[in-house]
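In our numbering, the protein residues as written are 4 to 365.
Think of the CB as a built atom: it goes at the ideal place given N, C-alpha and C, for glycine as much as any other residue.
Written out below as structure tokens is the structure these notes cover.
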Amino acid sequence: MNQKIYNFCAGPAMLPVPVMERAQREFCNFQGLGASVMELSHRGKEFMAVAAKAEQDLRDLLAIPDNYKVLFMHGGGRGQFSAVPLNLLGGDNQKADYLLTGVWSQGALKEGVKFGDMQGHAGSVKGEDGITRLLPTPAFRADAAYVHYCPNETIEGVEMFDIPETGDIPLVADLSSTILSRPIDVSRFGIIYAGAQKNIGPSGLAIAIVRDDLLDKARADVPAVLDYRLTAEHDSMFNTPPTYAWYLAGLVFEWLKEIGGLAEMEARNKAKAALLYDYIDNSSFYSNSVDSACRSRMNVPFQLKNPELDARFLAESKEAGLLALKGHKLVGGMRASLYNAMPIEGVQALIAFMERFANTHG
Ligand code: PMP
4 MNQKIYNFCA GPAMLPVPVM ERAQREFCNF QGLGASVMEL SHRGKEFMAV
54 AAKAEQDLRD LLAIPDNYKV LFMHGGGRGQ FSAVPLNLLG GDNQKADYLL
104 TGVWSQGALK EGVKFGDMQG HAGSVKGEDG ITRLLPTPAF RADAAYVHYC
154 PNETIEGVEM FDIPETGDIP LVADLSSTIL SRPIDVSRFG IIYAGAQKNI
204 GPSGLAIAIV RDDLLDKARA DVPAVLDYRL TAEHDSMFNT PPTYAWYLAG
254 LVFEWLKEIG GLAEMEARNK AKAALLYDYI DNSSFYSNSV DSACRSRMNV
304 PFQLKNPELD ARFLAESKEA GLLALKGHKL VGGMRASLYN AMPIEGVQAL
354 IAFMERFANT HG
């Protein structure tokens, strides 16, 4: 019963143990109030303090400039697939360009075409050798209202570390599966958004970081709960926000600050990913088919050379306390998600299991 469990789920994903323990301690009786945070009015002074601190901590962690609003919204990552065009295509310009590097950037485009003249541009390609590589940044339409991209494709395990150059065109980034895993220069973006359930907190919540000059470009028919300006004007409390998720996100931000912020987090994430990719690259039993220049630090897909062993691998890894290693159904194989909360011991345990399995079945 003392076996240590590690959860490699792509999302909802594991949260830091100290965060979960603190939430448990405070669950029924927050700050001696005799009530849970989730039972408090969002307009009461206790929750307002929780909300403000969470926002400030996020601003500190990402060094968010003052000319950006931080919005705590409903609807996860996909809600933002709709929010972005609805908030940016209000004027005469109905054009936007999407850089396509995988399933999630394609998903954003598929939603976007409902609202405007969208153009997709290939951003990655699978070569004849089966390796997925990034392509040079394409020429976007000079009059596009924005360019959208997804720096970390959760399903394929493809991460872009360089920010594409778009000149004066606002760059919109879906950071759902890489936000807070490393420092980023927020000033390079018009909008950053992320569903919370990987590196931030529980699902349902989405965070949008929006540059002030983009707050007055919305379509008149933008639904109120997706309206950035309205949300900003009401401090993300136009309607009742997902208060408990917001509180948990705040605990995660505090934890990140305590461990040393995003530079420290990046060092840890690099070390974890390097360990696993090195093991896979040196194995004749497992493989990963992403070019080393764009391998995701957060999501590591890998294949068994003999896929007939997949079901067995999953059953035995689960028994060994290593959960949720099944790859997304679109790509098959395995996927180990190594978000911020995954300690290096989890990666070491995974590698030890992979080695035992390869020795038994190889
Ligand atoms: N974007 C990315 C990169 C994702 O990984 C996901 C979910 N895995 C989404 C968007 C969709 O998020 P949600 O399910 O919160 O709508």
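Residue j beta carbon less than 8 Å from that of residue i
i, j, result
"Lys7", "Ala355", "no"
"Gly105", "Val175", "no"
"Arg214", "Asn70", "yes"
"Pro173", "Gly204", "no"
"His45", "Thr243", "yes"
"Gly123", "Leu92", "no"
"His331", "Ile195", "no"
"Leu178", "Ala197", "yes"
"Phe288", "Ala361", "yes"
"Ala327", "Cys31", "no"
"Glu29", "Ser108", "no"
"Ala274", "Val303", "no"
"Phe241", "Ala227", "yes"
"Leu259", "Val350", "no"
"Leu81", "Asp294", "It is Arg, not Leu, that sits at residue 81 in the sequence shown. The answer is no: Cβ separation not under 8 Å."
"Ala40", "Tyr342", "Rather than Ala, the amino acid found at residue 40 in this sequence is Val. No. Outside cutoff."
"Val262", "Ile67", "It is worth fixing the name first, because residue 262 is Ile in this sequence and not Val. Not closer than 8 Å, so no."
"Gly14", "Lys201", "yes"
"Val255", "Leu18", "yes"
Cβ distance (whole Å) where residue i is taken to contact residue j below 8 Å
i, j, result
"Ala16", "Ser340", "6 Å"
"Leu74", "Tyr231", "6 Å"
"Leu307", "Ala86", "Contact doesn't hold; Cβ gap of about 39 Å is too wide."
"Leu43", "Phe50", "5 Å"
"Ala266", "Gly207", "Wrong, their Cβ atoms sit about 29 Å apart, outside the cutoff."
"Ser184", "Met301", "6 Å"
"Asn291", "Ile283", "5 Å"
"Gly324", "Tyr9", "6 Å"
Nearest to residue i (by Cα), restricted to the options the options
i, options, result
"Ala57", "Ile210, Glu114 and Ala221", "Ile210"
"Asp188", "Ser179, Ile166 and Asp171", "Ile166"
"Ala318", "Pro245, Met337, Lys308 and Val303", "Met337"
"Pro139", "Lys117, Gln83 and Ala296", "Ala296"
"Glu168", "Ala248, Phe143 and Ala13", "Phe143"
"Val22", "Phe288, Ile283 and Met345", "Met345"
"Leu65", "Thr181, Thr363 and Ala274", "Thr181"
"Lys129", "Glu358, Ala277 and Val334", "Val334"
"Val116", "Ala125, Leu137, Phe84 and Glu131", "Phe84"
"Asp171", "Arg359, Tyr250 and Ala145", "Ala145"
"Ala270", "Val255, Pro186 and Glu236", "Pro186"
"Lys72", "Asp216, Thr246, Ile347 and His364", "Asp216"
"Ala125", "Gly78, Glu24 and Pro141", "Pro141"
"Thr246", "Gly78, Ala54, Asn96 and Gly35", "Ala54"
"Asn285", "Gln34, Phe164, Glu114 and Met357", "Met357"
"Leu363", "Lys321, Glu348, Ile347 and Arg315", "A small fix is needed here, since residue 363 is Thr in this sequence, not Leu. Comparing Cα-Cα distances from Thr363 to each of Lys321, Glu348, Ile347 and Arg315, the minimum goes to Arg315."
"Met268", "Met163, Pro310, Ile347 and Ala38", "Ile347"
"Asp238", "Gln97, Gly37 and Ala52", "Ala52"
"Ser320", "Asp95, Glu24, Glu311 and Arg359", "Arg359"
"Arg222", "Asn309, Glu257, Val20 and Gln97", "Gln97"
"Gly264", "Phe33, Gly35 and Asp63", "Asp63"
"Pro154", "Gly79, Ala111 and Gln59", "Ala111"
"Glu114", "Ala26, Pro88 and Gln59", "Pro88"
"Gly94", "Gln27, Met163 and Leu218", "Leu218"
Closer than 8 Å to chain D by CB, residue i
i, result
"Asp238", "Of the protein chains in this structure there is only one, and it is not chain D."
Any contact between the region 93 to 103 and the region 150 to 164? By contact I mean 3 or more CB pairs, one from each, below 8 Å. yes
Which full runs of the alpha helix (DSSP H) of 4+ residues lie inside the region 5 to 37, going along the chain? 20 to 29
Whole alpha helix (DSSP H) runs in the region 182 to 238 with 4 or more residues, listed along the chain? 231 to 236
Run through the region 38 to 65 for me and flag every whole alpha helix (DSSP H) of 4 or more residues, listed as ranges in chain order. 48 to 65
Fully enclosed by the region 257 to 317, which alpha helix (DSSP H) runs are 4 residues long or longer? 264 to 284
What residue ranges within the region 66 to 116 form continuous alpha helix (DSSP H) runs of no fewer than 4 residues, ordered along the chain? 79 to 91 and 106 to 115
For the region 124 to 187, list the beta strand (DSSP E) runs that are entirely contained and at least 3 residues long, ordered along the chain. 127 to 129, 135 to 137, 150 to 152 and 174 to 177
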